[in-house]
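Colleague:
In the working numbering, the protein residues as written are 13 to 567.
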């Protein structure tokens with residue numbers, strides 16, 4: 013494959029001016045770097061050779077994309093795309109080592125034109141996960157002075173509540189892994205991978221870096237922030253919103269909406285305070301079940317949607333490193349390896365791994381009493397002893413045995429409560445060794461993998477707390493994944509149940525203008541059924557804020 017060169021252009025008074033040259037497919041073999049500090053000097057020399065220029069002809073360069081090509085275990089390469097500022101772009105392009113040259117796509121974020129309709133009150137944003145925070149950030153910068161509220165705590169207080177649950181089994185149903193500043197993603201790996209293609213993604217990356225996230229998320233092919241760094245990042249975004257004239261309120265649960273003449277008139281907070289507002293952005297997150305119930309009572313149109321259920325599977329991180337990188341597993345340029353696997357069964361169902369956390373932990377993520385929910389989390393360094401990932405099977409409304417819009421919620425509750433019972437009714441999670449799971453027998457002890465879930469696990473049969481068709485599809489998938497990733501089916505791997513909150517079980521209907529059937533009510537993000545993960549939720553928050561701005565003028 014030849015190197016591809018693209019030119020960044022901008023238009024100044026009608027003339028196209030070349031400002032950067034994009035060079036892709038620059039490869040550095042691991043053997044060429046023995047110390048991470050050598051990366052940039054080696055990359056620079058490779059770039060000069062590709063462009064056939066001397067060092068004095070290069071003003072500067074920046075990495076646009078970096079990935080790992082590990083298809084050949086004996087020849088692993090780092091692959092880069094680089095943007096170079098050179099002194100004579102046209103001359104450089106004519107003599108460069110390339111067969112293709114084209115202008116780079118215009119990735120500049122376009123500013124929204126304000127609408128003319130007047131807002132009588134400040135817009136309200138319900139929920140402070142990625143969707144709510146990024147909607148609030150955009151609105152605050154443009155003079156709309158939004159009021160953000162979350163039923164949970166600020167991130168520091170939230171950490172205290174969560175640690176108490178993990179260590180003592182004392183659950184706070186309003187402030188936990190699901191609810192509070194930053195949303196569920198704050199207690200995850202902080203992954204920023206996404207399947208969507210949207211110019212706003214670049215905006216999200218840049219804002220995270222400005223708020224303290226590592227700069228490498230701008231170019232690494234599988235960017236992550238880590239739960240430890242993400243906590244400060246969301247705090248800094250909140251501080252900017254406040255500095256821009258926004259307001260933030262914690263322990264402020266929206267318990268009702270007041271509707272007059274087909275549009276939002278006010279919200280009720282904590283069953284007492286009435287706050288008048290004509291615009292409400294519902295960035296609920298996927299676990300706000302009582303809020304879904306309230307919206308249903310108020311006639312908000314919604315429908316059940318597909319999601320996935322399953323378990324968390326843990327392996328030694330060293331096993332995953334070796335499976336992916338072979339003898340190069342401990343090379344300082346590689347770090348902890350990850351994986352992403354999918355399987356399609358003859359029974360018509362699909363299984364896949366999701367939210368893989370290298371060097372991470374399985375965490376207790378319940379938000380209701382008498383239920384067990386698992387999730388995965390890792391810190392920026394990803395240096396824990398275990399790797400874990402969700403092992404999930406898709407379920408659809410046809411599995412819920414009801415036409416009710418909230419049938420998926422009840423489906424989740426059923427299996428979470430059975431997991432609570434199976435774990436001993438103290439928020440310990442049911443667990444089973446992989447070999448025992450495959451052979452339908454209860455485990456009696458652990459082997460090479462010590463489970464990381466807190467408050468702890470109880471050896472049990474996972475068939476007791478998962479649908480039979482999910483169990484059978486997972487069994488097939490484990491054996492298939494072992495052919496793709498050596499060791500995936502290791503006998504003493506640990507399965508911990510249950511994971512039921514992979515995405516929202518509900519979609520709140522919205523129009524082309526992003527409003528629900530009640531005017532002024534804007535469903536947004538993962539909880540509304542329009543996103544899945546930090547990046548797509550943040551982007552949907554920005555898109556929804558734009559719709560508000562296109563209709564209304566700033567305050």
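Cβ coordinates follow ideal geometry from the N, Cα and C atoms, glycine included.
Keep in mind the model is a prediction, meaning the values are calculated, not measured.
Quick one: Cα of residue 259 to Cα of residue 155, how far?
Modeller: Taking the straight line from one Cα to the other gives about 12 Å.
Colleague: Identify which residue in 417, 466 and 319 has its Cα closest to the Cα of residue 515.
Modeller: With distances taken between Cα atoms, residue 515 lies closest to 319.
Colleague: Whose CA, out of 471, 488, 509 and 89, lies closest to the CA of residue 500?
Modeller: Checking every option, the nearest Cα to that of residue 500 belongs to 488.
Colleague: Within a Cβ cutoff of 8 Å, which residues of the same chain sit near residue 38, ignoring the five residues on either side of it in sequence?
Modeller: 15, 55, 58, 59, 62, 91, 92, 93 and 94.
Colleague: Within the continuous beta strand (DSSP E) that includes residue 423, where are the two ends?
Modeller: It is not in any beta strand (DSSP E) - residue 423 instead sits in the alpha helix (DSSP H) that spans 419 to 434.
Colleague: Please name the residue, chosen from 216, 150 and 234, that lies closest to residue 368 on a Cα-to-Cα basis.
Modeller: Ranking 216, 150 and 234 by Cα distance to residue 368 puts 234 first.
Colleague: Excluding sequence positions up to five away, which residues of its chain have a Cβ less than 7 Å from the Cβ of residue 550?
Modeller: So the qualifying residues of the chain are 142, 143, 146 and 216.
Colleague: First and last residue of the beta strand (DSSP E) that includes residue 570?
Modeller: As shown, the chain starts at 13 and ends at 567. That puts residue 570 outside it, with no answer to give.
Colleague: Between which two residues does the alpha helix (DSSP H) containing residue 278 stretch?
Modeller: That residue, residue 278, is in no alpha helix (DSSP H); its beta strand (DSSP E) goes 275 to 281.
Colleague: Using only the alpha-carbon positions, how far apart do residue 176 and residue 188 sit?
Modeller: Spanning the two alpha carbons is a distance of roughly 10 Å.
Colleague: Counting only the same chain and skipping the five closest in sequence on each side, list residues whose C-beta sits under 7 Å from that of residue 128.
Modeller: Hits under 7 Å: 565.
Colleague: If you draw a straight line from the alpha carbon of residue 114 to that of residue 73, how long is it in whole angstroms?
Modeller: Residue placement at residue 114 is poorly supported in this model, since its pLDDT is 40, which falls under 50; the coordinates still yield a value, given next. Cα to Cα, the separation comes out at about 18 Å.
Colleague: Under the rule that 16 or more other beta-carbon atoms within 10 Å means buried, what is residue 314, buried or exposed?
Modeller: Buried.
Colleague: Hey, how far is the Cα of residue 557 from the Cα of residue 153?
Modeller: About 11 Å.
Colleague: What does the alpha-carbon distance come out to for the pair residue 530 and residue 333?
Modeller: Straight-line Cα distance between these residues: approximately 51 Å.
Colleague: How far does the alpha helix (DSSP H) with residue 220 in it extend, from its first residue to its last?
Modeller: Looking at the DSSP string, the run of the alpha helix (DSSP H) that includes residue 220 is 212 to 222.
Colleague: What is the DSSP secondary structure of residue 306, counted as helix, strand or coil?
Modeller: Three-state DSSP puts residue 306 in a helix.
Colleague: Would you tell me roughly how many angstroms separate the C-alpha atoms of residue 548 and residue 463, rounded to the nearest one?
Modeller: If you take the alpha carbons of residue 548 and residue 463, they lie about 31 Å apart.
Colleague: With a cut-off of 8 Å on the beta carbons, I'd call residue 139 and residue 420 a contact; round off their distance for me.
Modeller: Going by Cβ atoms, the distance from residue 139 to residue 420 rounds to 19 Å, so no, they are not a contact pair.
Colleague: Does the Cβ of residue 522 have 16 or more other Cβ atoms within 10 Å, making it buried, or fewer, making it exposed?
Modeller: Residue 522 should be labelled buried.
Colleague: What did DSSP end up calling residue 444 once you bin it into helix, strand or coil?
Modeller: Strand.
Colleague: Do residue 505 and residue 456 come within 8 Å of each other at the CB atom, strictly closer than that value?
Modeller: Contact: no.
Colleague: Label residue 386 either buried or exposed according to how many other C-beta atoms from any shown protein chain fall within 10 Å of its C-beta, with 16 as the threshold for buried.
Modeller: It counts as buried.
Colleague: Could you please give the first and the last residue of the uninterrupted alpha helix (DSSP H) stretch that includes residue 168?
Modeller: 167 to 180 is the span of the alpha helix (DSSP H), which, as asked, contains residue 168.
Colleague: Give me the residue from 131, 220 and 306 with the minimum Cα distance to residue 291.
Modeller: Looking at the Cα atoms, 131 is the closest of the given residues.
Colleague: Return the residue from the list 430, 535 and 555 that minimises the CA-CA distance to residue 512.
Modeller: Minimum Cα distance to residue 512 is reached at 430.
Colleague: Can you tell which of 301, 243, 497 and 289 has its C-alpha closest to the C-alpha of residue 520?
Modeller: Measuring from the Cα of residue 520, the nearest candidate turns out to be 301.
Colleague: Assuming residue 11 and residue 283 are in contact, meaning their beta carbons sit under 8 Å apart, how far apart are those beta carbons, in whole angstroms?
Modeller: For residue 11 there is no data in the structure shown, the boundaries of the chain being 13 and 567.
Colleague: Going by DSSP, which residues form a beta bridge with residue 363?
Modeller: In DSSP, residue 363 forms a bridge with 355 and 405.
Colleague: What three-state label does DSSP hand residue 554 in the structure shown?
Modeller: DSSP places residue 554 in helix when its eight states are reduced to three.
Colleague: How would you call residue 400, buried or exposed, if buried means at least 16 neighbouring beta carbons within 10 angstroms?
Modeller: Buried, by the Cβ-count rule.
Colleague: Which residues bound the beta strand (DSSP E) around residue 493?
Modeller: It is not in any beta strand (DSSP E) - residue 493 instead sits in the alpha helix (DSSP H) that spans 480 to 496.
Colleague: Just tell me which of 230, 561, 349 and 408 has its CA closest to the CA of residue 81.
Modeller: Out of 230, 561, 349 and 408, 349 has the C-alpha closest to the C-alpha of residue 81.
Colleague: Apply the 10 Å Cβ neighbour rule to residue 559 and answer buried if 16 or more other Cβ atoms are within range, or exposed otherwise.
Modeller: Classification of residue 559: buried, given that the 10 Å Cβ count is 16 or more.
Colleague: Are the Cβ atoms of residue 161 and residue 124 separated by less than 8 Å?
Modeller: In this structure, residue 124 does not lie closer than 8 Å to residue 161 by Cβ.
Colleague: According to DSSP, is residue 152 part of a helix, a strand, or is it coil?
Modeller: Here residue 152 sits in helix by DSSP.
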